[in-house]
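Chemist:
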(Lines of atoms letter the chains of each structure in order from A and count residues from 1; the text may use other names and numbers.)
(Lines give C-alpha, C1' and ligand atoms only; values in the text may rest on other atoms or scores of the structure.)
Protein backbone atom coordinates (compact mmCIF):
# COMPACT_ATOMS: atom_id res chain seq x y z
CA UNK A 1 0.00 0.00 0.00
CA UNK A 2 1.35 3.39 -0.98
CA UNK A 3 1.67 5.95 1.83
CA UNK A 4 -0.31 9.06 1.01
CA UNK A 5 1.73 12.19 1.68
CA UNK A 6 0.71 15.08 3.84
CA UNK A 7 -0.82 17.88 1.80
CA UNK A 8 1.45 20.91 1.95
CA UNK A 9 1.98 24.39 0.61
CA UNK A 10 5.34 26.12 0.24
CA UNK A 11 5.52 29.83 -0.52
CA UNK A 12 8.45 32.15 -1.16
CA UNK A 13 7.97 35.90 -1.47
CA UNK A 14 10.66 37.51 -3.58
CA UNK A 15 11.32 40.78 -5.36
CA UNK A 16 13.24 41.15 -8.61
CA UNK A 17 13.96 44.24 -10.63
CA UNK A 18 16.89 43.20 -12.83
CA UNK A 19 17.18 39.60 -11.71
CA UNK A 20 15.90 36.11 -12.36
CA UNK A 21 15.18 33.66 -9.53
CA UNK A 22 14.20 29.99 -9.72
CA UNK A 23 12.02 28.35 -7.04
CA UNK A 24 12.79 24.66 -7.66
CA UNK A 25 11.06 21.53 -6.38
CA UNK A 26 12.78 18.21 -6.95
CA UNK A 27 14.10 15.00 -5.55
CA UNK A 28 17.36 15.48 -3.61
CA UNK A 29 19.28 14.06 -6.53
CA UNK A 30 18.73 17.11 -8.76
CA UNK A 31 22.42 16.86 -9.48
CA UNK A 32 21.25 14.46 -12.17
CA UNK A 33 18.66 17.08 -13.28
CA UNK A 34 16.23 14.51 -14.66
CA UNK A 35 13.05 15.19 -12.67
CA UNK A 36 12.12 18.64 -11.36
CA UNK A 37 9.73 21.53 -11.57
CA UNK A 38 10.40 25.22 -11.05
CA UNK A 39 8.87 28.66 -11.02
CA UNK A 40 11.22 31.07 -12.79
CA UNK A 41 10.62 34.69 -11.82
CA UNK A 42 11.99 37.55 -13.89
CA UNK A 43 10.93 41.19 -14.15
CA UNK A 44 7.33 41.26 -15.40
CA UNK A 45 6.91 37.48 -15.85
CA UNK A 46 6.77 34.16 -14.02
CA UNK A 47 7.03 30.80 -15.81
CA UNK A 48 6.28 27.27 -14.57
CA UNK A 49 8.75 24.70 -15.92
CA UNK A 50 8.75 20.90 -15.70
CA UNK A 51 11.42 18.34 -16.54
CA UNK A 52 10.64 14.63 -16.76
CA UNK A 53 13.58 12.58 -17.98
CA UNK A 54 15.02 14.15 -21.15
CA UNK A 55 11.92 16.36 -21.73
CA UNK A 56 11.81 19.91 -20.38
CA UNK A 57 9.04 22.40 -21.07
CA UNK A 58 7.43 25.63 -19.95
CA UNK A 59 3.99 24.46 -18.82
CA UNK A 60 2.46 27.80 -17.84
CA UNK A 61 3.30 31.49 -17.56
CA UNK A 62 1.80 34.79 -16.47
CA UNK A 63 2.59 38.47 -16.61
CA UNK A 64 3.17 40.05 -13.20
CA UNK A 65 3.69 43.50 -11.70
CA UNK A 66 7.45 43.65 -11.30
CA UNK A 67 7.27 46.63 -8.93
CA UNK A 68 6.07 44.61 -5.92
CA UNK A 69 7.30 41.37 -4.30
CA UNK A 70 5.68 38.24 -5.73
CA UNK A 71 4.67 35.12 -3.82
CA UNK A 72 5.71 31.93 -5.65
CA UNK A 73 3.80 28.82 -4.56
CA UNK A 74 4.23 25.05 -4.81
CA UNK A 75 1.33 23.02 -3.44
CA UNK A 76 0.91 19.30 -2.94
CA UNK A 77 -2.76 18.42 -3.35
CA UNK A 78 -4.89 15.31 -3.10
CA UNK A 79 -4.32 13.16 -6.22
CA UNK A 80 -6.70 13.50 -9.15
CA UNK A 81 -5.35 10.30 -10.73
CA UNK A 82 -3.34 7.31 -9.54
CA UNK A 83 -0.32 9.31 -8.39
CA UNK A 84 0.72 10.03 -4.81
CA UNK A 85 -0.44 13.66 -5.13
CA UNK A 86 -0.88 16.49 -7.60
CA UNK A 87 1.66 19.32 -7.68
CA UNK A 88 0.33 22.83 -8.38
CA UNK A 89 2.62 25.73 -9.35
CA UNK A 90 1.60 29.36 -9.31
CA UNK A 91 1.79 32.87 -7.92
CA UNK A 92 -0.20 34.87 -5.41
CA UNK A 93 -1.38 34.63 -1.81
CA UNK A 94 -3.32 31.42 -2.58
CA UNK A 95 -3.58 29.31 -5.74
CA UNK A 96 -7.19 28.23 -5.30
CA UNK A 97 -8.47 26.96 -8.64
CA UNK A 98 -6.15 29.11 -10.78
CA UNK A 99 -2.59 27.78 -10.68
CA UNK A 100 -0.24 28.23 -13.63
CA UNK A 101 0.14 24.45 -13.89
CA UNK A 102 -0.89 21.21 -12.16
CA UNK A 103 0.72 17.81 -12.80
CA UNK A 104 0.80 14.30 -11.36
CA UNK A 105 3.26 14.15 -8.45
CA UNK A 106 4.46 10.68 -9.42
CA UNK A 107 6.87 12.40 -11.87
CA UNK A 108 8.82 13.63 -8.83
CA UNK A 109 8.49 10.38 -6.89
CA UNK A 110 10.53 7.21 -6.64
CA UNK A 111 7.93 5.45 -8.80
CA UNK A 112 9.15 7.35 -11.89
CA UNK A 113 12.30 9.24 -10.90
CA UNK A 114 13.93 6.45 -8.83
CA UNK A 115 16.50 7.28 -6.19
CA UNK A 116 15.94 8.77 -2.76
CA UNK A 117 12.30 8.90 -1.64
CA UNK A 118 11.85 12.54 -0.77
CA UNK A 119 11.51 16.02 -2.23
CA UNK A 120 13.57 19.16 -1.79
CA UNK A 121 12.65 22.81 -2.29
CA UNK A 122 15.16 25.57 -2.89
CA UNK A 123 15.65 29.05 -4.30
CA UNK A 124 18.42 29.99 -6.68
CA UNK A 125 19.34 33.39 -8.13
CA UNK A 126 19.93 32.72 -11.82
CA UNK A 127 20.97 36.30 -12.62
CA UNK A 128 21.29 39.63 -10.83
CA UNK A 129 20.32 40.34 -7.21
CA UNK A 130 17.21 38.89 -5.61
CA UNK A 131 15.47 40.11 -2.46
CA UNK A 132 13.97 37.19 -0.56
CA UNK A 133 11.34 38.45 1.88
CA UNK A 134 9.94 35.21 3.30
CA UNK A 135 9.80 31.42 2.87
CA UNK A 136 6.94 29.51 4.47
CA UNK A 137 6.03 25.81 4.68
CA UNK A 138 2.55 24.78 5.83
CA UNK A 139 1.49 21.13 6.19
CA UNK A 140 -1.99 19.69 6.65
CA UNK A 141 -2.16 16.04 7.78
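Numbering (full-length UniProt numbering), first residue to last: 1 to 141.
No residue lacks a Cβ here, since even glycine has one placed at the ideal position from N, Cα and C.
What is the residue span of the beta strand (DSSP E) that residue 8 lies within?
Modeler: Run containing residue 8: 7–15, per the beta strand (DSSP E) assignment.
Chemist: Give me the Cβ distance between residue 9 and residue 138, rounded to the nearest whole Å; I'm assuming they're in contact under 8 Å.
Modeler: Indeed, because the Cβ distance is near 5 Å, the residues count as touching under 8 Å.
Chemist: Going by C-alpha to C-alpha distance, which of 106, 74, 16 sits closest to residue 35?
Modeler: Per the Cα distances, 106.
Chemist: Give a yes or no on whether 9 Å exceeds the smallest Cβ distance from residue 7 to chain C.
Modeler: Here chain C cannot be found, since the structure has a single protein chain.
Chemist: Taking just the CA atoms, how far does residue 88 sit from residue 65?
Modeler: Those two C-alpha atoms are separated by around 21 Å.
Chemist: To the nearest angstrom, how far is it from the Cα of residue 57 to the Cα of residue 39?
Modeler: Taking the straight line from one Cα to the other gives about 12 Å.
Chemist: Would you identify the three-state DSSP class for residue 119, choosing helix, strand or coil?
Modeler: In the structure shown, residue 119 sits in coil (DSSP, three-state: anything other than H, G, I, E or B).
Chemist: Can you give the beta carbon distance from residue 73 to residue 90, rounded, assuming they're within the 8 Å contact cut?
Modeler: Correct: roughly 5 Å between the Cβ atoms.
Chemist: List the endpoints of the continuous beta strand (DSSP E) containing residue 36.
Modeler: Taken as a continuous stretch (DSSP letters only), the beta strand (DSSP E) holding residue 36 covers 35–42.
Chemist: Is it the case that the Cβ atoms of residue 11 and residue 71 are separated by a distance below 9 Å?
Modeler: Against a cut-off of 9 Å, the Cβ pair of residue 71 and residue 11 comes out as a contact.
Chemist: Hey, would you say residue 100 sits closer than 9 Å to residue 63, going by beta carbons?
Modeler: Not a contact, by the Cβ cut-off of 9 Å.
Chemist: Taking the CB atoms as reference points, tell me whether residue 77 and residue 86 lie closer together than 9 Å.
Modeler: The answer is yes: Cβ separation under 9 Å.
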